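Student: First residue of the sequence shown? That's 212 in my numbering, and the numbers climb one at a time after it. Attaching a single structure in structure tokens format; questions to follow.
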Amino acid sequence: MNYVGFTVGKPRLPLLEPDEKSAEIIQTTLRNYKIDLPVPPKTA
212 MNYVGFTVGK PRLPLLEPDE KSAEIIQTTL RNYKIDLPVP PKTA
């Protein structure tokens, strides 16, 4: 969810952050698709 603009923080167990290779695959895949969700602006 963080990759598509929703600030949700770090995952809790049993989920883990993806390793660098997996994160790159996820980001590349997401760039290839249009995700039509309303994303609120990021605030500080």
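In this text, a Cβ means the ideal position worked out from N, Cα and C, and glycines have one as well. None of the values given here were measured: they were computed from a predicted structure.
I need the DSSP call for residue 218, collapsed to helix, strand or coil.
Tutor: Reduced to three states, the DSSP call for residue 218 is coil.
Student: Helix, strand or coil for residue 231? Go by DSSP, reduced to three states.
Tutor: Reduced to three states, the DSSP call for residue 231 is helix.
Student: At the level of alpha carbons, what is the spacing between residue 224 and residue 230?
Tutor: The alpha-carbon atoms of residue 224 and residue 230 are separated by roughly 15 Å.
Student: List the whole-angstrom C-beta distance separating residue 246 from residue 219, where the pair is believed to meet the contact cut-off of C-beta under 8 Å.
Tutor: Residue 246 to residue 219, Cβ: 15 Å. No contact.
Student: Could you check whether the Cβ of residue 251 sits closer than 8 Å to any Cβ belonging to chain B?
Tutor: The structure shown contains no chain B, having only a single protein chain.
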